[in-house]
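2 protein chains.
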Amino acid sequence: MSELSETLNRRGEAVTRRLDALLAPVKGPRGRVLDAMRYSALSGGKRLRPFLVMESARLFDVDPDHALHCAAAVEMIHCYSLIHDDLPAMDDSDLRRGRATVHKKFDEATAILAGDGLLTEAFAVLAGPRCHPDASIRAELIAGLAQAAGAAGMVGGQMIDIAPGRETLDLAGITTLQALKTGALITFSCEAGAILGRAGAAPRQALGAYARDLGLAFQIVDDLLDHESTPEELGKPTGQDEAAGKATFVGLLGVEGARAKAQDLVQQACAQLAIFAQKAKLLEETAQFVLERKT
Amino acid sequence: MSELSETLNRRGEAVTRRLDALLAPVKGPRGRVLDAMRYSALSGGKRLRPFLVMESARLFDVDPDHALHCAAAVEMIHCYSLIHDDLPAMDDSDLRRGRATVHKKFDEATAILAGDGLLTEAFAVLAGPRCHPDASIRAELIAGLAQAAGAAGMVGGQMIDIAPGRETLDLAGITTLQALKTGALITFSCEAGAILGRAGAAPRQALGAYARDLGLAFQIVDDLLDHESTPEELGKPTGQDEAAGKATFVGLLGVEGARAKAQDLVQQACAQLAIFAQKAKLLEETAQFVLERKT
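Going down the list, the sequences are from chains P and D. Under this note's numbering, the first residue of the first sequence carries the number 679, and numbering increases by one thereafter. Under this note's numbering, the first residue of the second sequence carries the number 679, and numbering increases by one thereafter.
#1: Strictly under 8 Å for the Cβ-Cβ distance: is D:Thr-798 near chain P by that measure?
#2: Taking the beta carbon of P:Lys-859 as the centre, do at least 16 other beta carbons fall within 10 Å, making it buried, or is it exposed?
#3: Taking Cβ positions, are P:Ser-867 and P:Val-704 nearer each other than 8 Å?
#4: Using beta carbons (cut-off 8 Å, strictly below), is D:Thr-711 in contact with chain P?
#5: Are the C-beta atoms of P:Glu-733 and some chain D residue less than 8 Å apart?
#6: Pairs of beta-carbons, one from the region 686-694 of chain D and one from the region 836-846 of chain P, closer than 8 Å: are there three or more?
#7: Whether or not the region 944-964 of chain P and the region 879-895 of chain P are in contact is what I'm after, with contact meaning three or more pairs of Cβ atoms, one per stretch, closer than 8 Å; do they touch?
#8: Buried or exposed for P:Gly-828, going by 16 or more other Cβ atoms inside 10 Å?
#9: What are the residues of the region 697-709 of chain D that lie near chain P, defined by any Cβ-Cβ distance shorter than 9 Å?
#10: Please state whether DSSP places D:Arg-774 in a helix, a strand or coil.
#11: Please list the residues of the region 838-861 of chain P that have a C-beta atom closer than 7 Å to any C-beta atom in chain D, keeping them in chain order.
#12: Which residues mark the beginning and the end of the alpha helix (DSSP H) in which D:Gly-878 is found?
#13: Counting only C-beta atoms, is D:Glu-786 closer than 8 Å to chain P at any point?
#14: For P:Leu-791, which residues in chain D fall below 9 Å Cβ to Cβ?
#15: Would you say the region 845-852 of chain P touches the region 718-729 of chain D, given that touching needs at least three Cβ pairs under 8 Å?
#16: State yes or no: is the beta carbon of D:Arg-808 nearer than 8 Å to at least one beta carbon in chain P?
#17: For D:Asp-764, name the three-state secondary structure that DSSP assigns.
#18: Work out the CA separation of P:Val-833 and P:Leu-765 for me, nearest whole Å.
#19: To the nearest angstrom, report how far apart P:Ala-817 and P:Ala-870 are at their CA atoms.
#20: Here's a check: name, in chain order, each residue in its chain whose Cβ is nearer than 8 Å to the Cβ of P:Asp-713, leaving out the five neighbours to either side.
#21: With D:Gly-851 as the anchor, note down where its alpha helix (DSSP H) starts and where it stops.
#22: Along the chain, where does the alpha helix (DSSP H) containing P:Val-711 start, and where does it finish?
#23: Given a cut-off of 8 Å on the beta-carbon distance, is the pair P:Ala-936 and P:Phe-927 in contact?
#24: Can you list the residues of chain P that D:Ala-824 reaches, using a CB-CB cut of under 8 Å?
#25: Check whether the Cβ atoms of P:Phe-738 and P:Ala-872 lie closer than 8 Å to each other.
#26: Grab me the residues of D:Cys-748's own chain with a C-beta within less than 7 Å of its C-beta, minus the 5 sequence neighbours each way, in chain order.
#27: Please specify which runs of the alpha helix (DSSP H), each continuous and at least 4 residues long, are wholly inside the region 789-838 of chain D, giving them in chain order.
#28: Pick out whichever of P:Leu-796, P:Ile-815, P:Ala-850 has its Cα sitting closest to the Cα of D:Gly-831.
#29: Is there at least one Cβ from chain D nearer than 8 Å to P:Gly-923's Cβ?
#30: From the beta carbon of P:Leu-821, is the nearest beta carbon of chain D less than 8 Å away?
#31: Whole-angstrom Cβ separation of P:Leu-863 and P:Ile-755, contact assumed at under 8 Å?
#32: Can you tell me which of P:Lys-924, P:Ala-802, P:Ala-949 puts its alpha carbon nearest to the alpha carbon of P:Pro-842?
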């Protein structure tokens, strides 16, 4: 097993343990929403965003426990967004990570509340001293995460994704949509390491540029996988965007064009890491992993 | 017009202006979610929670602009909770503050996103330096608001309200439900003033006790109004809990019993304010207002 996959697995398990501790089950009728939050947050997944938080933090010798805590908050935001995006009123998906989506396993109202609960809890996690002893660092993380998650980020991206005119977006339109819907949280994940490490302007900018290229490459590969894989391989429905007549990177660039674009972006992303030299080796390999992943 | 109603009106208008500035409209397809957020946040209402933030802050001579900023964040949380509670999968309400609910005016997906957007933006507002120059104060506000809004507060209360067994809750069960669903944010509103003012333990405890009694009285009066008013008077559907066979304070205590309980709580709430003497006059009058309100 490569160093990257070993590190991905090890950190993924650490994030799951931290989420398990942060989202302790409770008895009584209120317990149902915690059960749904745990069902989503402890269901695995690649844990790519937490990995990016932790690996970016490592560049600046951040206390790994602080980075892990922040990584758990970022994963809560990711999970909330999946729960709400899967709802019948949104993408109406029954399958996620190979299991029933939260509204299928529980019900729609519980899924809405579980998403709300995870979104809220993410900010509670970042606000507490275990995240970082310096409150100004915590406030900067919260401001950054709220920006990435809100109407100027993920919420705005999802709005564009379901608003009238979605079918006929051009390449610039799709790129903006994805920069908000998936790019913003991937970018924040890398920025979080820099914030925790009180990094200077130059490394911050380099990491931000890496993350933006990586996020777009990630989404293009998502479109490719959606086009070429089966629901069994991906653990979620495939071809929904195409069936709905929505513009995608594959639709606009073709399979070969999309793959070439993703390759270019990954190369460009890795070039941004030059100032970190050997220390950024795993971030480089992560970009390659994003390109070659099969799920 | 009494000093209280004049102050309520003046501060309500200031909160609306601040929300208008914080939720600036944007062009393009993403603009739709901002429009829905503004439709909810700028639609009026009593602005009771923002008033409590500002009036509690005044006890400790907090900069009114800091209090107003924090008050706007609290109102965003209140509005988000109304949008999501009104959704078809939850209470399925078409009318709120005398107007179509967000999912009726826009659509269900936009309403889910508008709620998510307001919830997220509330934390962005508290994380920024305009809320308070000291980041440790901001982090304490965020931790408190997240606790009040999340699974241990409003989200947990709403879960109990829609979970199986809701119909047969006893008085203790209903009291817990309401302490989470509506009490937690009312209590945080008063605590926020104490946090902004770096208040000591005794005034904090007094304000907290006032807020808990006030919150419960507020909810009992809500049940009374729901029982006795028309939808035209309240600007929202009435009698839904009773029609659904849900236990309510009025159902368990009777009209006279519920009214007597609310009166007791308001008297007790006001007694908690003794240590603030004349400075808490408007908070005392607010408790009376909550008891006598007609909407």
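Ideal Cβ placement from N, Cα and C applies to all residues, glycine included. In this text the structure is predicted, and so the values were computed from the model without any measurement.
Based on what the coordinates show:
#1: As a first step, residue 798 of chain D is located in the second sequence; it is residue number 120 there, counting from the start. Under the 8 Å criterion on CB atoms, D:Thr-798 is classed as interfacial with respect to chain P.
#2: As a working mapping, residue 859 of chain P is identified with position 181 in the first sequence. Classification of P:Lys-859: buried, given that the 10 Å Cβ count is 16 or more.
#3: Here the question's residue 867 of chain P lines up with position 189 in the first sequence. Here the question's residue 704 of chain P lines up with position 26 in the first sequence. Not closer than 8 Å, so no.
#4: Looking up residue 711 of chain D in the second sequence gives position 33. First, the residue type needs correcting, since residue 711 of chain D is Val and not Thr in the sequence shown. Closer than 8 Å: yes.
#5: What you label residue 733 of chain P is simply residue 55 of the first sequence in a count that begins at 1. With 8 Å as the cut-off, P:Glu-733 does not count as an interface residue toward chain D.
#6: These segments do not touch.
#7: Three or more pairs of CB atoms, one per stretch, sit closer than 8 Å, so the region 879-895 of chain P contacts the region 944-964 of chain P.
#8: Sequence index remark: in the first sequence, residue 828 of chain P carries index 150 (1-based). Label assigned to P:Gly-828: buried.
#9: For the region 697-709 of chain D, the set of positions with a beta-carbon nearer than 9 Å to some beta-carbon of chain P reads Leu-701, Val-704, Gly-706, Pro-707, Arg-708, Gly-709 in chain order.
#10: Within the second sequence, numbered from 1, the residue matching residue 774 of chain D stands at position 96. In this structure, D:Arg-774 counts as strand in the three-state DSSP scheme.
#11: Close to chain D, meaning a Cβ-Cβ distance shorter than 7 Å, are the following residues of the region 838-861 of chain P: Ile-838, Ile-840, Ala-841, Gly-843.
#12: For the purposes of this step, residue 878 of chain D is taken as the residue at position 200 of the second sequence. Unbroken run through D:Gly-878: none, as it is neither H nor E.
#13: Counting from one through the second sequence, the residue named residue 786 of chain D turns up at place 108. Yes, D:Glu-786 lies at the interface with chain P (some Cβ there is under 8 Å from its Cβ).
#14: Numbered from its first residue, the first sequence carries residue 791 of chain P at position 113. Residues of chain D whose Cβ lies closer than 9 Å to the Cβ of P:Leu-791 are, in chain order, His-762, Met-768, Ala-829, Val-833, Gly-834, Gln-836, Met-837, Ile-840.
#15: Judged by Cβ distances under 8 Å, the region 845-852 of chain P makes no contact with the region 718-729 of chain D, as fewer than three pairs qualify.
#16: Within the second sequence, numbered from 1, the residue matching residue 808 of chain D stands at position 130. Taking Cβ atoms only, chain P never reaches closer than 8 Å to D:Arg-808, which makes this a no.
#17: As a first step, residue 764 of chain D is located in the second sequence; it is residue number 86 there, counting from the start. Looking at D:Asp-764 - three-state DSSP - the assignment turns out to be helix.
#18: In the first sequence, counting from the first residue as 1, residue 765 of chain P sits at position 87. In the first sequence, counting from the first residue as 1, residue 833 of chain P sits at position 155. In this model, P:Leu-765 and P:Val-833 are separated by some 14 Å (Cα to Cα).
#19: On the first sequence, residue 817 of chain P is found 139 positions in, with the first residue counted as 1. On the first sequence, residue 870 of chain P is found 192 positions in, with the first residue counted as 1. Whole-angstrom Cα-Cα distance: 12 Å.
#20: In the first sequence, counting from the first residue as 1, residue 713 of chain P sits at position 35. Counting only Cβ-Cβ distances below 8 Å, and skipping sequence neighbours, we find Pro-703, Phe-784.
#21: Numbered from its first residue, the second sequence carries residue 851 of chain D at position 173. Run containing D:Gly-851: 849-856, per the alpha helix (DSSP H) assignment.
#22: Locating residue 711 of chain P in the first sequence gives position 33, where the first residue counts as 1. Unbroken alpha helix (DSSP H) run through P:Val-711: 709-719.
#23: Start at 1 with the first residue of the first sequence, and residue 936 of chain P comes out as number 258. Start at 1 with the first residue of the first sequence, and residue 927 of chain P comes out as number 249. Closer than 8 Å, so yes.
#24: For the purposes of this step, residue 824 of chain D is taken as the residue at position 146 of the second sequence. Neighbours of D:Ala-824 in chain P, taken as residues whose beta carbon is under 8 Å from its own, are Thr-798, Glu-799, Phe-801, Ala-802, Ala-805 in chain order.
#25: For the purposes of this step, residue 738 of chain P is taken as residue 60 along the first sequence, with counting starting at 1. For the purposes of this step, residue 872 of chain P is taken as residue 194 along the first sequence, with counting starting at 1. Cβ distance < 8 Å, so P:Phe-738 and P:Ala-872 count as in contact.
#26: By 1-based counting over the second sequence, the position of residue 748 of chain D is 70. Hits under 7 Å: Val-731, Leu-804, Cys-809, Leu-819, Ala-870, Leu-874.
#27: Counting only runs of 4 or more, we get 813-827.
#28: The sequence position of residue 831 of chain D within the second sequence is 153, counting from 1. Closest option to D:Gly-831, Cα to Cα, is P:Leu-796.
#29: Against the first sequence, residue 923 of chain P aligns to sequence position 245. At a cut-off of 8 Å between beta carbons, P:Gly-923 makes no contact with chain D.
#30: Against the first sequence, residue 821 of chain P aligns to sequence position 143. In the sequence as displayed, the identity of residue 821 of chain P is Ala instead of Leu. Yes, P:Ala-821 lies at the interface with chain D (some Cβ there is under 8 Å from its Cβ).
#31: Here residue 863 of chain P is taken as the residue at index 185 of the first sequence, counted from 1. Here residue 755 of chain P is taken as the residue at index 77 of the first sequence, counted from 1. That pair is a contact at about 6 Å.
#32: On the first sequence, residue 842 of chain P is found 164 positions in, with the first residue counted as 1. The option with the nearest alpha carbon to P:Pro-842 is P:Lys-924.
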